[in-house]
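Novice:
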Amino acid sequence: MEVKKVLTSEQKEFKKLLLKLPKTEIHLHLEGLASVETIWTLMKKNNLQYKNINSKSDLKKKFEITSLEDFLDLFINIIQNSFINENDIEYLIDDAKNYFLENNIIYSELFFAPSKFIQSGLDFKKIVNILTQGAERIKKDHNIDIKFLIDVSRSFGIENAMKNLDLVLANPSKAIIGIGLGGSEKGGPAKEFAKVFEKAVSKGLHVVAHAGEDVGPQSIWDSINYLKAERIGHGISAIQDEKLMTYLAEKQIPIEICPTSNLFTRKYAKTLKEHPVKVFFTRNMDVTINTDDPTVFSVNLVEEYMNLLTENIFTKKEILLIIKNGVFATFLPVARKKEIWKMILAEIPR
Ligand code: ADE
Ligand code: ZN
Numbered sequence: 021m022e023v024k025k026v027l028t029s030e031q032k033e034f035k036k037l038l039l040k041l042p043k044t045e046i047h048l049h050l051e052g053l054a055s056v057e058t059i060w061t062l063m064k065k066n067n068l069q070y071k072n073i074n075s076k077s078d079l080k081k082k083f084e085i086t087s088l089e090d091f092l093d094l095f096i097n098i099i100q101n102s103f104i105n106e107n108d109i110e111y112l113i114d115d116a117k118n119y120f121l122e123n124n125i126i127y128s129e130l131f132f133a134p135s136k137f138i139q140s141g142l143d144f145k146k147i148v149n150i151l152t153q154g155a156e157r158i159k160k161d162h163n164i165d166i167k168f169l170i171d172v173s174r175s176f177g178i179e180n181a182m183k184n185l186d187l188v189l190a191n192p193s194k195a196i197i198g199i200g201l202g203g204s205e206k207g208g209p210a211k212e213f214a215k216v217f218e219k220a221v222s223k224g225l226h227v228v229a230h231a232g233e234d235v236g237p238q239s240i241w242d243s244i245n246y247l248k249a250e251r252i253g254h255g256i257s258a259i260q261d262e263k264l265m266t267y268l269a270e271k272q273i274p275i276e277i278c279p280t281s282n283l284f285t286r287k288y289a290k291t292l293k294e295h296p297v298k299v300f301f302t303r304n305m306d307v308t309i310n311t312d313d314p315t316v317f318s319v320n321l322v323e324e325y326m327n328l329l330t331e332n333i334f335t336k337k338e339i340l341l342i343i344k345n346g347v348f349a350t351f352l353p354v355a356r357k358k359e360i361w362k363m364i365l366a367e368i369p370r
């Protein structure tokens, strides 16, 4: 959802530069990249019918959600539900490839949440093969690196989350580097998933968690203390807790801010101006900018940055620093992070 504004010539120049800069994105869901075209094609191919969806434009209208719970209903019961065999996931790989090319994203850590797919009868091993081969193809054809974080999900209970972790461990892939905790933050407190995350860490996986998107600061503390989350997805309710903001800044725990997503789910900000992102940045927290679910929220990474500029939240210089944060908050080796930042610097006129 790009804020519709006539750009000044200086802003147009900056947009051109943003497009040209190689970028990373670290909070993005593969299923949230499904184009309307993909879901419509799968609905027809797989003979699926959903209430009040009789055309592509009905489907697009369904994406106009105003709470996290409504969003998750759409995400699980329409988007994820439309995949009835493993090869359907190829459509997502293609949508992801197009999105990365459009935004000049050269490295991404992408969530994939298998719970609903497994419920629908898809085989995890085959899913892993498709994700791994998809990543290899995109690397070979476009030199874009993709790593996956498997969202074990808080929406289907603890046993299911542990089962997802065990599947990850039983099907190792170079493309899968860790786990995440998405889904209903209200329905699945972080604390309950401590054992799952402890086991993941002991097996050398990276761990991240959505927290403070729909629930207050305690959810963020719990993700740090019980899950040992290396990054916090959203984290916006930290604005209510001075100590937490100080802690996040001191420990430099990156927060994956998804501004447009937060305006859709409406819990802690209804406009960009009231979004806590600037306060976080000013307090020296490790702010990164992401899109979460680009198709549902009709936004891409370049637009997220442009909105922050045109709404006077950040200056151009600050946006470049946030792009740098997005590189150094990845799970890449330090040498590769430095290499990417060097590539970015080479494109910035001085
Ligand atoms: N899955 C996809 N997007 C999500 C979000 N914003 N919060 C929780 N789970 C999600
Ligand atoms: Zn998310």
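Sequential numbering of the sequence shown, starting at 21, is according to the working numbering. Yeah, the Cβ is synthetic: ideal placement off N, Cα and C, and Gly gets one too.
Runs of 3 residues minimum, wholly inside the region 242-325: which ones carry the beta strand (DSSP E) assignment?
Specialist: Segments of the beta strand (DSSP E) lying fully in the region 242-325: 252-254, 275-277 and 307-309.
Novice: Runs of 4 residues minimum, wholly inside the region 100-162: which ones carry the alpha helix (DSSP H) assignment?
Specialist: Taking only runs of at least 4 residues, the alpha helix (DSSP H) segments lying wholly in the region 100-162 are 109-123, 135-139 and 144-162.
Novice: Nearest to G236 by CA position, among Q260, S222, H230 and G224, is which residue?
Specialist: Taking the sequence shown and counting its residues from 1, the one referred to as residue 236 is at position 216. Closest option to G236, Cα to Cα, is Q260.
Novice: Round the Cβ separation of L94 and K76 to the nearest angstrom and send it over; I've been treating them as touching at under 8 Å.
Specialist: Residue mapping note: residue 94 aligns to position 74 of the sequence shown, counting from 1. Residue mapping note: residue 76 aligns to position 56 of the sequence shown, counting from 1. With 8 Å as the limit, L94 and K76 do not qualify as a contact, their Cβ atoms being about 15 Å apart.
Novice: DSSP puts G200 in a beta bridge; with which residues?
Specialist: Counting from one through the sequence shown, the residue named residue 200 turns up at place 180. Answer is D171.
Novice: Count the other C-beta atoms from every protein chain shown that fall within 10 angstroms of the C-beta of K43, then say buried if there are 16 or more, exposed otherwise.
Specialist: For the purposes of this step, residue 43 is identified with residue 23 of the sequence shown, where counting begins at 1. By the neighbour-count rule (16 or more Cβ atoms within 10 Å), K43 is buried.
Novice: Cutting at 6 Å between CB atoms, please list the residues of its own chain near N123, excluding the five before and the five after it.
Specialist: In the sequence shown, counting from the first residue as 1, residue 123 sits at position 103. For N123, where only same-chain residues beyond five positions count, the Cβ hits under 6 Å are N320, L321 and V322.
Novice: How close, in whole Å, do the beta carbons of D312 and S281 come, if the pair is a contact with beta carbons under 8 Å?
Specialist: On the sequence shown, position 292 is the one that residue 312 refers to. On the sequence shown, position 261 is the one that residue 281 refers to. The Cβ separation is near 4 Å, so the contact holds.
Novice: Given 8 Å as the limit, is there contact between the region 102-113 and the region 148-165, that is, 3 or more CB pairs closer than that?
Specialist: Touching, per the Cβ criterion.
Novice: For the region 56-64 against the region 90-108, do three or more pairs of beta-carbon atoms, one drawn from each stretch, fall closer than 8 Å, so that the two count as touching?
Specialist: Counting Cβ pairs under 8 Å, three or more are found: they touch.
Novice: Quick check: is any heavy atom of the ligand ADE less than 6 Å from the C-beta of H295?
Specialist: What you label residue 295 is simply residue 275 of the sequence shown in a count that begins at 1. Checking the Cβ of H295 against the ligand ADE gives no.
Novice: Let me know if R356 comes out buried or exposed under the rule of 16 or more other beta-carbons within 10 Å of its beta-carbon.
Specialist: Residue mapping note: residue 356 aligns to position 336 of the sequence shown, counting from 1. Flag for R356 reads exposed.
Novice: Thinking C-alpha only, which one of F301, I166 and H230 is nearest L50?
Specialist: Taking the sequence shown and counting its residues from 1, the one referred to as residue 50 is at position 30. With distances taken between Cα atoms, L50 lies closest to I166.
Novice: At a threshold of 6 Å, does G255 count as lining the ligand ZN (C-beta to nearest heavy atom)?
Specialist: The residue given as residue 255 occupies position 235 in the sequence shown. No, the beta carbon of G255 sits no closer than 6 Å to any heavy atom of the ligand ZN.
Novice: With three or more beta-carbon pairs closer than 8 Å as the criterion, would you say the region 139-146 touches the region 61-74?
Specialist: Taking 8 Å as the limit for Cβ pairs, the verdict is that the region 61-74 does not touch the region 139-146.
Novice: In or out: S222 buried (at least 16 other Cβ within 10 Å) or exposed?
Specialist: The count along the sequence shown starts at 1 and reaches residue 222 at position 202. Exposed, since its Cβ has fewer than 16 Cβ neighbours within 10 Å.
Novice: The beta strand (DSSP E) that contains K81, what's its start and end?
Specialist: Taking the sequence shown and counting its residues from 1, one reaches residue 81 at position 61. Careful: K81 lies outside any beta strand (DSSP E), inside the alpha helix (DSSP H) at K76 to K82.
Novice: Could you compute how far the alpha carbon of T350 sits from the alpha carbon of Y70?
Specialist: Residue mapping note: residue 350 aligns to position 330 of the sequence shown, counting from 1. Residue mapping note: residue 70 aligns to position 50 of the sequence shown, counting from 1. One C-alpha to the other measures close to 38 Å.
Novice: Using 7 Å as the threshold, is the C-beta distance between L38 and D234 below it?
Specialist: Sequence index remark: in the sequence shown, residue 38 carries index 18 (1-based). Sequence index remark: in the sequence shown, residue 234 carries index 214 (1-based). No, they are not a contact pair.
Novice: Give every residue of the same chain whose Cβ lies closer than 8 Å to the Cβ of E367, excluding the five residues on either side of it in the sequence, and list them in chain order.
Specialist: Numbered from its first residue, the sequence shown carries residue 367 at position 347. Around E367: L37, K40, L41 and P42.
Novice: Can you tell which of R303, L340, R286 and I73 has the C-alpha that lies nearest to the C-alpha of I273?
Specialist: Within the sequence shown, residue 273 is the residue found at index 253, counting from 1. Of the candidates R303, L340, R286 and I73, the one whose C-alpha sits nearest the C-alpha of I273 is R303.
Novice: Helix, strand or coil for K43, going by three-state DSSP, please let me know.
Specialist: If you number the sequence shown from 1, residue 43 lands on position 23. Of the three classes helix, strand and coil, the one that applies to K43 here is strand, per DSSP.
Novice: Examine the ligand ADE and report whether any of its heavy atoms sits within less than 6 Å of the Cβ of D312.
Specialist: Here residue 312 refers to the residue found at position 292 when the sequence shown is read from its first residue. Yes, Cβ of D312 sits closer than 6 Å to a heavy atom of the ligand ADE.
Novice: Any heavy atom of the ligand ADE closer than 6 Å to the CB of H47?
Specialist: The sequence position of residue 47 within the sequence shown is 27, counting from 1. No, the Cβ of H47 stays beyond 6 Å of every heavy atom of the ligand ADE.
Novice: Do E324 and I309 have their C-beta atoms within less than 7 Å of each other?
Specialist: Numbered from 1 along the sequence shown, position 304 holds the residue referred to as residue 324. Numbered from 1 along the sequence shown, position 289 holds the residue referred to as residue 309. A contact, by the Cβ cut-off of 7 Å.
Novice: Which of the three DSSP states is assigned to V227 in this structure?
Specialist: To locate residue 227, count along the sequence shown from 1; it is residue 207. Reduced to three states, the DSSP call for V227 is strand.
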